[in-house]
Amino acid sequence: MRWGRSIKTRLILWNALVVMLIYGIAATLIYIFVRTRLESLVMEKLDESLNVVCTVVYQSGGDFYDWYHLGHDIPFLIMQDGQHAYHTTAWTRLDLPLHMQREDFKNDLKDHILDEGHYTLKSRKVQTGIEEMHNFLVVLAMEDSETRESIDGLAAKLSSGAYFILLLALAGGTFLANRALKPMKLITQKARQISAQSLSERLPVVHPKDEIGQLTIVINNMLDRLEGSFDRLKRFTSDASHEFRTPLTSIRSIGEVALKHNLNRQKYREAIGSMLEETERLTQLVNNLLILTRGDAGKVKLVFAQEDLISLINDVIEELRILAEDKNINLSFTHSDDIVLNIHKATLQHAVTNVLHNAIKYTPKSGRVKVTVSQTKDNCARVDISDNGPGVPADVRDKVFERFFRIDDARSRTNGGAGLGLSIAKWAVELNGGTIEFVDNPEGSRCRIILNNSKRGNKHE
Amino acid sequence: MHILVIEDESKVAKALRDGLASEGYNVTVAQTGEDGFFLAMSQTFDLILLDLMLPGRSGIEILNGIRRKNRDVPVLILTAKDAIEDRVLGLDSGADDYLVKPFAFPELLARIRALTRRGRIDLALKLKVANLEMDCVTRKVTRDKRDILLTGKEFELLEYLMRHQGHVVSREMLVHDVWHVTDRATPLDNVIDVHVNRLRAKMDADFDNKLLHTIRGVGFILKEGDEP
Numbered sequence: 010m011r012w013g014r015s016i017k018t019r020l021i022l023w024n025a026l027v028v029m030l031i032y033g034i035a036a037t038l039i040y041i042f043v044r045t046r047l048e049s050l051v052m053e054k055l056d057e058s059l060n061v062v063c064t065v066v067y068q069s070g071g072d073f074y075d076w077y078h079l080g081h082d083i084p085f086l087i088m089q090d091g092q093h094a095y096h097t098t099a100w101t102r103l104d105l106p107l108h109m110q111r112e113d114f115k116n117d118l119k120d121h122i123l124d125e126g127h128y129t130l131k132s133r134k135v136q137t138g139i140e141e142m143h144n145f146l147v148v149l150a151m152e153d154s155e156t157r158e159s160i161d162g163l164a165a166k167l168s169s170g171a172y173f174i175l176l177l178a179l180a181g182g183t184f185l186a187n188r189a190l191k192p193m194k195l196i197t198q199k200a201r202q203i204s205a206q207s208l209s210e211r212l213p214v215v216h217p218k219d220e221i222g223q224l225t226i227v228i229n230n231m232l233d234r235l236e237g238s239f240d241r242l243k244r245f246t247s248d249a250s251h252e253f254r255t256p257l258t259s260i261r262s263i264g265e266v267a268l269k270h271n272l273n274r275q276k277y278r279e280a281i282g283s284m285l286e287e288t289e290r291l292t293q294l295v296n297n298l299l300i301l302t303r304g305d306a307g308k309v310k311l312v313f314a315q316e317d318l319i320s321l322i323n324d325v326i327e328e329l330r331i332l333a334e335d336k337n338i339n340l341s342f343t344h345s346d347d348i349v350l351n352i353h354k355a356t357l358q359h360a361v362t363n364v365l366h367n368a369i370k371y372t373p374k375s376g377r378v379k380v381t382v383s384q385t386k387d388n389c390a391r392v393d394i395s396d397n398g399p400g401v402p403a404d405v406r407d408k409v410f411e412r413f414f415r416i417d418d419a420r421s422r423t424n425g426g427a428g429l430g431l432s433i434a435k436w437a438v439e440l441n442g443g444t445i446e447f448v449d450n451p452e453g454s455r456c457r458i459i460l461n462n463s464k465r466g467n468k469h470e
Numbered sequence: 080m081h082i083l084v085i086e087d088e089s090k091v092a093k094a095l096r097d098g099l100a101s102e103g104y105n106v107t108v109a110q111t112g113e114d115g116f117f118l119a120m121s122q123t124f125d126l127i128l129l130d131l132m133l134p135g136r137s138g139i140e141i142l143n144g145i146r147r148k149n150r151d152v153p154v155l156i157l158t159a160k161d162a163i164e165d166r167v168l169g170l171d172s173g174a175d176d177y178l179v180k181p182f183a184f185p186e187l188l189a190r191i192r193a194l195t196r197r198g199r200i201d202l203a204l205k206l207k208v209a210n211l212e213m214d215c216v217t218r219k220v221t222r223d224k225r226d227i228l229l230t231g232k233e234f235e236l237l238e239y240l241m242r243h244q245g246h247v248v249s250r251e252m253l254v255h256d257v258w259h260v261t262d263r264a265t266p267l268d269n270v271i272d273v274h275v276n277r278l279r280a281k282m283d284a285d286f287d288n289k290l291l292h293t294i295r296g297v298g299f300i301l302k303e304g305d306e307p
């Protein structure tokens with residue numbers, strides 16, 4: 010994985026960056042606080058001494074004999090009307106200038122750096138006099154090297170601490186990232202192993218509640234669906250091959266047997282005719298499969314129109330009535346008033362034909378097939394096609410719509426179906442925005458088609 | 080009548096040549112698109128049967144070439160592709176008709192007959208096969224002067240068979256032309272068989288000279304004489 014691309018690297022770097030940012034802000038605040046505190050301590054001391062000196066100067070009224078009593082340990086300088094008036098020996102020891110102007114001070118303060126250390130100077134104006142008033146400027150110096158050193162020391166400690174914190178942040182970040190991404194690694198490893206041959210395997214769910222866990226569950230659900238459709242496809246392909254094999258076997262054996270014997274013209278015609286019948290069966294199979302695969306591919310583009318459902322079903326019934334008559338089956342049609350729906354006529358007709366054809370096929374001679382169309386309360390059209398044949402067992406009611414599914418293998422095959430009729434019916438009904446299912450019927454089967462009156466086929470328009 | 084068959088599959092080409100020759104057509108076969116295109120441009124044919132999937136030059140290209148030369152020879156396309164877009168493409172390119180493989184040979188013959196007599200309207204109002212007569216205006220059918228009462232569907236079925244008398248009619252043609260269902264997968268074969276049986280019972284049962292014959296695996300034929 011390239012540097013900077015891996016989530017782990019980015020996580021660690023971002024984590025370190027955030028930690029360092031927080032540390033930087035905290036360190037700066039500490040530094041400013043400590044520095045202000047220490048400096049204000051120096052100022053308080055300076056002010057205190059300056060107060061004493063200024064009070065003495067004020068009370069003396071400018072008589073410098075009194076100043077002498079202040080002692081020589083405190084370094085201060087007194088200017089009178091801009092002229093040097095007095096200074097202590099401590100002042101000269103510090104080698105401070107003997108002449109200072111008010112203008113030399115900014116905010117009463119002035120830094121003075123000497124070889125021995127750092128001094129802060131503070132000045133204050135005092136107006137006093139015995140006969141006439143004079144302007145005095147008192148300047149006091151105080152050494153604050155120690156304070157400066159502690160402040161600088163703090164800054165150095167804080168910045169060296171930054172290295173330590175950085176290391177800690179990187180290490181902690183790595184630990185956290187590894188911990189958080191551990192399931193990802195497992196998932197990646199597992200996902201790599203899953204292929205078409207091992208679709209039944211699932212990704213490990215480490216913490217079902219967290220984001221990665223949720224993602225894993227979603228992916229597993231997707232795998233469930235994939236496996237399902239893969240299985241259906243596999244079964245479909247194997248079923249289809251099987252269905253092809255049957256007519257192919259017939260064609261082959263009929264041809265081989267016919268060639269083996271010396272037959273008369275009539276027998277040869279029969280053999281060829283029989284082979285052609287099987288060919289027709291294959292053709293029908295291919296046509297049906299094409300309808301379904303085209304439906305699967307979503308390639309079907311249909312134009313929907315307002316059609317009368319009753320007349321559509323009536324057409325189908327009249328078309329197939331002859332088959333019912335042939336078996337002496339009573340085929341009845343009850344319906345409410347005209348129901349006009351937005352549908353695709355040909356596909357829906359195909360669906361009803363397939364279902365009705367099945368009903369007639371499986372109903373015994375002299376039986377009953379009933380078609381009922383009614384309008385439900387929620388404005389849907391309901392088409393019931395019921396018979397008194399053997400019926401559809403409850404446990405296979407969903408399966409009957411699967412491709413190539415047969416309730417009874419032997420029975421259906423002799424009837425000539427490939428088990429695709431109901432699949433096509435389902436596809437066609439759903440294309441028209443409806444549903445199809447087998448429901449309870451005390452005497453046989455009942456296939457129910459519901460067509461929605463409001464939202465049918467909108468996506469195709 | 081001279082027909083050009085452009086078909087690369089040699090078995091199909093041979094079957095077409097033999098089948099059409101036995102119907103009295105003069106057949107030339109081209110097995111590649113180039114040959115077919117050359118022949119179509121250099122000679123005159125009454126009809127061209129064109130396979131769409133050819134090596135070298137596609138059927139649509141050949142069709143475009145022929146139509147660019149403004150030759151109004153009828154072209155019947157044969158193809159395994161039956162999606163609606165494919166049909167539209169073929170017809171838009173100037174084909175006159177379209178037949179999807181595998182096709183029933185009788186249907187191919189019927190289409191060829193229809194294409195080569197284009198312009199001449201075949202709407203005889205009185206049809207006759209042996210002693211079976213049909214009046215399309217009064218919708219009266221008689222055999223040997225005896226009235227035969229037919230249902231509407233039976234009448235349409237018989238009319239279609241009579242109009243194709245002497246030629247085999249496949250179930251597919253009936254589904255398409257008599258039942259007017261375009262969907263190739265609709266299960267109507269049983270329905271057709273029952274109708275044919277009933278028609279036969281009405282028009283043939285009382286006579287020794289049978290007219291309506293079933294050709295197993297192929298379809299039905301209405302003609303005089305036992306030999307189909």
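Residue numbers (the numbering used here), protein chains in the order written: chain A, 10 to 470; chain B, 80 to 307. Note that beta-carbon positions come from the ideal geometry of N, C-alpha and C, so glycine has one too. In this text, all values refer to a predicted model and were calculated from it rather than measured experimentally.
Buried versus exposed call for residue i [16 or more other C-beta atoms within 10 Å across all chains shown]
| i | result |
| --- | --- |
| residue 436 of chain A | buried |
| residue 231 of chain B | exposed |
| residue 493 of chain A | It is not possible to answer for residue 493 of chain A, since the shown part of chain A is limited to 10 through 470. |
| residue 88 of chain A | buried |
| residue 449 of chain A | exposed |
| residue 428 of chain A | buried |
| residue 456 of chain A | buried |
| residue 132 of chain A | buried |
| residue 358 of chain A | buried |
| residue 297 of chain A | buried |
Within chain A, the residues that residue i reaches when beta carbons sit closer than 7 Å
| i | result |
| --- | --- |
| residue 274 of chain B | 331 |
| residue 270 of chain B | 328, 329, 331 and 332 |
| residue 265 of chain B | 359 and 362 |
Contact with chain B by residue i, beta-carbon distance below 7 Å
| i | result |
| --- | --- |
| residue 285 of chain A | yes |
| residue 359 of chain A | yes |
| residue 258 of chain A | no |
| residue 335 of chain A | yes |
| residue 270 of chain A | no |
| residue 470 of chain A | Residue placement at residue 470 of chain A is flagged as unreliable, the pLDDT there being 35, under the threshold of 50; a coordinate-derived value is accordingly withheld. |
Contact check, residue i vs residue j, beta carbons under 7 Å
| i | j | result |
| --- | --- | --- |
| residue 150 of chain A | residue 130 of chain A | yes |
| residue 459 of chain A | residue 389 of chain A | yes |
| residue 125 of chain B | residue 195 of chain B | yes |
| residue 213 of chain B | residue 241 of chain B | yes |
| residue 28 of chain A | residue 189 of chain A | no |
| residue 378 of chain A | residue 338 of chain A | yes |
| residue 394 of chain A | residue 365 of chain A | yes |
| residue 372 of chain A | residue 396 of chain A | yes |
| residue 249 of chain B | residue 298 of chain B | yes |
| residue 148 of chain A | residue 63 of chain A | no |
| residue 145 of chain A | residue 66 of chain A | yes |
Beta-carbon neighbours of residue i, restricted to chain A and to distances below 8 Å
| i | result |
| --- | --- |
| residue 181 of chain B | 288 and 292 |
| residue 185 of chain B | Those do not exist, as residue 185 of chain B stays about 11 Å from chain A at its closest Cβ, beyond 8 Å. |
Residues that residue i contacts on chain B, provided the C-beta gap is smaller than 8 Å
| i | result |
| --- | --- |
| residue 282 of chain A | 294, 295, 296 and 297 |
| residue 279 of chain A | 295 |
| residue 430 of chain A | 266 |
Strand pairing of residue i, partner residues [DSSP]
| i | result |
| --- | --- |
| residue 83 of chain B | B/107 and B/127 |
| residue 154 of chain B | B/127 |
| residue 89 of chain A | A/92 and A/145 |
| residue 135 of chain A | A/145 |
| residue 299 of chain B | B/248 and B/293 |
| residue 315 of chain A | A/351 |
is_contact[residue i, chain A] using C-beta, thresh 7 Å
| i | result |
| --- | --- |
| residue 230 of chain B | no |
Neighbour list for residue i in chain B, Cβ cutoff strictly below 7 Å
| i | result |
| --- | --- |
| residue 251 of chain A | By Cβ distance, chain B contributes nothing, its closest Cβ being about 19 Å from residue 251 of chain A, past 7 Å. |
| residue 366 of chain A | 266 |
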